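Just so we're on the same page, the numbering used here is the position in the sequence shown counted from 1, plus 460. One structure is given here, and the rest of the page talks about it.
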Amino acid sequence: MQVTVLSGAGISAESGVPTFRDVETGLWAKVDPYEISSSQGWQAHPEKVWAWYLWRHYMMESVQPNNGHLAVAAWQDHAQVHVVTQNVDNLHERAGSRNVYHLHGSLFEFRCDACGSPFEGDLPAMPEPVASADPPQCPCGGLIRPNVVWFGEALPEDAWQRSVDAVTNADVVIVVGTSSIVYPAAGLPELALANGTPVIEVNPERTPLSDAATVTLRETAASALPGLLQRLPALLR
Ligand code: BV8
Ligand code: ZN
């Protein structure tokens, strides 16, 4: 059996990683996450965008995968599992998932904004979160940026293609912890449904996907995912 998981920030919420929604409450309440995660934001104030990403990068050292990530990794003993994630954290990999496709890039890769060469240097330290910090410079003079996909930027071709294949070949698609409003990622569950593949949504709140999903569970990732594989036959009857 092939299970494809589509995950968003909500799967990392119980690890203590703020979701895009929570961000408005934390240190970044004054910035709009959609503005700071855009190529316009980067062009306008790279030092603010750099500080936000570097803080998020370092924050990952103090959090752990939760029972939701661990359940998805454990499913690999019983099924072929592919994880398509909108998250830029590394918690799926740290939980043990092997096939992980990052549709929106990663906090753990950096590149030059001008010549595109990967940045292999030492990252500047960030003992505590700050609102502004100058990004390192590439020898070519360009600014170093995180390898994440900002609003208005194209998704990585390879991750996108692998994700479309993983959805097309799935026997069931489990959509967990995403508000399902950002495209083209949010189009993947629609592709599954159009192929007649059952889609199970796990989210404590309703989303634009909830009405179309085969099953929608108003539960959190860490509580719903551990027992979900066993519940599939009953859920999909
Ligand atoms: C593209 C990476 C084309 C960075 C992200 C106008 C102008 C320009 C573009 C557009 C436009 N109109 C539409 C678009 C397209 C745009 C888009 O969809 N915009 C939306 C706002 C309408 N998309 C793009 O721009 C994409 N690129 O289209 O390119 C193109 C093609 C060719 C050439 C050039 C260009 C790029 C989009 C990627 C943006 N980058 N992230 C970073 O992470 O910093 S998006 C980011 O927000 C996430 O990755 C995710 O995709 C999105 C939403 O976040 P979620 O993960 O869903 O999290 P959220 O906080 O929203 O929700 C959390 C959910 O979890 C909630 O539902 C909550 O109930 C639930 N939850 C909470 N706790 C739990 C839980 N669930 C389970 N358990 C819990 N405990
Ligand atoms: Zn360069």
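A virtual CB, placed ideally from N, CA and C, is assigned to each residue, including glycine. None of these values were measured; they are calculated from a predicted model.
Tell me whether residue i, by its Cβ, gets closer than 8 Å to a heavy atom of ligand 2.
i, result
"residue 601", "yes"
"residue 581", "no"
"residue 565", "no"
"residue 497", "no"
"residue 574", "yes"
"residue 522", "no"
"residue 577", "yes"
Between the Cα of residue i and those of the options, spot the shortest distance and give me the residue it belongs to.
i, options, result
"residue 642", "563, 603, 596", "563"
"residue 621", "533, 499, 550, 648", "648"
"residue 577", "668, 492, 599", "599"
"residue 678", "476, 529, 635, 532", "635"
"residue 469", "693, 670, 645, 673", "645"
"residue 661", "655, 632, 654", "632"
"residue 685", "585, 500, 527, 611", "527"
"residue 568", "532, 534, 518", "518"
"residue 462", "538, 516, 478, 497", "538"
"residue 606", "480, 513, 475, 473", "513"
"residue 499", "541, 652, 612, 516", "612"
"residue 673", "505, 557, 696, 536", "696"
Which same chain residues end up closer than 7 Å to residue i when comparing Cβ atoms and leaving out the 5 residues on each side of it in sequence?
i, result
"residue 487", "Reliability of the predicted coordinates at residue 487 is poor, the pLDDT of 49 falling under 50, and the value obtained from them is presented with this limitation in mind. Taken in chain order, the residues that qualify are 589."
"residue 694", "none"
For residue i, which residues from the same chain have a beta carbon less than 6 Å from its beta carbon, with the 5 sequence-adjacent residues on both sides left out?
i, result
"residue 687", "none"
"residue 560", "543, 552, 553"
"residue 691", "none"
"residue 525", "551, 554, 555"
"residue 668", "640"
For ligand 1, I want to know if residue i counts as a neighbour, meaning its beta carbon is within less than 8 Å of at least one of the ligand's heavy atoms.
i, result
"residue 469", "yes"
"residue 607", "no"
"residue 687", "no"
"residue 610", "yes"
"residue 528", "yes"
Just to confirm my understanding: we take residue i, look at its own chain, exclude 5 residues before and 5 after, and list those with CB closer than 8 Å. What are they?
i, result
"residue 609", "563, 564, 565, 615, 616"
"residue 579", "570, 571, 572, 596, 598, 604"
Taking the DSSP output, what are the residues bridged to residue i?
i, result
"residue 604", "572"
"residue 498", "611"
"residue 578", "571"
"residue 661", "635, 676"
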